[in-house]
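Heads up, the thing below is written out as C-alpha cells.
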Amino acid sequence: MEPTTFQWIALFGITAAVINGIGIYAIHRYREYAEKAKTYLMCFAAGILITVPLTLALPKAIGKAPRAGFVALGGFLFMYLSNQLVKKYTEGKDAAFGVTAAEGIGIHSFIDGIVYTVTFQASVLIGILAGLGMVIHEFAEGVITYLVLTKGGISKRTSILYSFLIAGLTTPIGAFIVYPLVSTIKDTTLGLMLGFASGVLLYVSSSHLLPEAREHEEEHSSIALLAGVGLALMIVLLKSS
Ligand SMILES: [Zn+2]
C-alpha cells in the first residue's frame with residue numbers, strides 16, 4: 003500500500019527531528035568526528051538541495067503558477083534576512099547572543115518543516131528528494147545549534163535540550179501546522195508555495211550549507227557536493243522522464 007501524503011510528511015518530519023538529535027548528541031560526545039562528518043554531510047546535502055529546485059521543484063511551481071519565481075525570490079530573501087540574525091549574533095560575544103541566534107535558528111527550522119509539507123503535497127518525488135537533502139542537513143543543523151548555544155555561555159547539558167527544542171522539534175511542528183492549510187489549497191496557490199519552498203532550498207544549499215562547509219575546507223568536500231548532485235540528478239532523470 004502506498005503511504006498517504008500525510009504519512010510521508012510525518013515520516014520525514016519526525017526523521018528530521020531524530021537526525022537533528024543525533025547531530026546534537028554526536029557533537030556533544032564525539033566532537034572531532036562530528037565536525038568532520040558535518041562538513042561532508044553539508045556538502046552532500048547541498049548537492050541534492052541545489053539540484054531539486056533547479057531541475058524539478060521550481061519548473062513545476064512555475065507550471066502551476068507563472069509568478070512562482072517571484073515567490074521563490076521572496077523565500078530566498080526571507081531565509082537570508084532571518085539568518086542574518088544568527089550571523090550577526092554568533093560573531094559577537096555578548097551573553098545575549100545565544101538567545102537571538104536561537105530565535106533565528108528556530109524560524110529557519112520551522113520554515114524547513116513547511117518545506118517538507120509543501121514539497122510532498124506537490125509530488126511524492128519532489129518531497130522525497132527535497133526531504134532526503136533536508137534530513138541530511140539536519141545533522142549539521144543540530145551540530146551548529148549546539149555549538150552556538152555553548153559558545154553563548156549556556157551549559158553543555160542545557161544546550162543539548164535547547165538545541166533539540168529549537169532546531170529539532172520546530173521542524174515537525176512546522177510541517178504539521180501547515181498541513182491542514184496546504185492540503186486544501188488551490189493548485190495555483192500550491193504552485194506559489196512550492197515556489198517559496200524552492201527559494202528556501204536554493205538558500206539552504208547555496209548560502210547556508212556551501213559557505214559554511216567551505217569555511218572548514220576538507221579534502222573531499224567537492225566530491226561530496228558532486229555526489230549529492232549526481233544522486234539527485236539520477237533520481238530526477240529516472241523518475242520524471
Ligand atoms: Zn535547515
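Quick note: the sequence shown uses the working numbering, first residue 3, plus one each step.
We put the beta carbon where it would ideally sit given N, CA and C, even for glycine.
Assuming VAL238 contacts LEU60 (C-beta within less than 8 Å), just tell me the rounded distance between them. In fact, because the Cβ distance is near 12 Å, the residues do not count as touching under 8 Å.
Between the Cα of ALA103 and those of GLN86, ALA132 and TYR118, spot the shortest distance and give me the residue it belongs to. Ranking the options by Cα distance to ALA103, first place goes to GLN86.
Identity of the residue in HIS110, ASN22 and LYS40 nearest LEU203 by Cα: When each option's Cα is compared against that of LEU203, the closest is HIS110.
Among LEU235, LYS241 and GLY176, whose alpha-carbon lies nearest the alpha-carbon of ILE52? It is LEU235.
Nearest-angstrom Cα separation, counted from ILE21 out to ILE11: Roughly 15 Å separates the two Cα atoms.
Helix, strand or coil for ARG294? Go by DSSP, reduced to three states. The structure shown has nothing for residue 294, since the chain only spans 3 to 243.
Looking at C-beta atoms only, is the number of pairs between the region 123 to 135 and the region 30 to 42 that lie closer than 8 Å three or more? By the Cβ test, the region 123 to 135 is not in contact with the region 30 to 42, since fewer than three Cβ pairs between them sit closer than 8 Å.
When we look at the beta-carbon of LEU83 and count the other beta-carbons within 10 Å, is it buried (16 or more) or exposed? LEU83 is exposed by the Cβ-count criterion.
Assuming THR53 is part of the alpha helix (DSSP H), what are its boundary residues? Taken as a continuous stretch (DSSP letters only), the alpha helix (DSSP H) holding THR53 covers 33 to 54.
First and last residue of the alpha helix (DSSP H) that includes PHE198? Run containing PHE198: 189 to 204, per the alpha helix (DSSP H) assignment.
Closest Cα partner of LEU116 within the set LEU183, MET3, LEU211 and HIS222: The sequence given here places Ile at residue 116; Leu does not occur at that position. Distances from the alpha-carbon of ILE116 to those of LEU183, MET3, LEU211 and HIS222 put LEU183 closest.
Could you check the C-alpha separation between LYS62 and GLU143 for me, to the nearest Å? GLU143 has its alpha-carbon roughly 28 Å from the corresponding atom of LYS62.
How would you write the range of the alpha helix (DSSP H) that MET3 sits in, first residue to last? Looking at the DSSP string, MET3 is not in any alpha helix (DSSP H), and its letter there is neither H nor E.
Using a Cβ-Cβ cutoff of less than 7 Å, which residues in the same chain neighbour SER223 once the five nearest sequence positions on both sides are dropped? Cβ within range, chain order: THR41, TYR42, CYS45 and ALA215.
State buried or exposed for TYR35, treating a residue as buried only when at least 16 other CB atoms are found within 10 Å of its CB. Of the residues assessed, TYR35 falls on the exposed side of the cut-off, its CB having fewer than 16 other CB atoms within 10 angstroms.
Straight-line CA distance for ALA74 to GLY197? When rounded, the distance between both Cα atoms is 5 Å.
Between the CA atoms of HIS210 and GLU217 - distance to the nearest angstrom: Put simply, the backbone Cα of GLU217 is about 11 Å away from that of HIS210.
Rounded to a whole number of angstroms, what is the C-alpha to C-alpha distance between ILE50 and GLU37? Separation of ILE50 and GLU37 (C-alpha to C-alpha, rounded to the nearest whole angstrom) is 20 Å.
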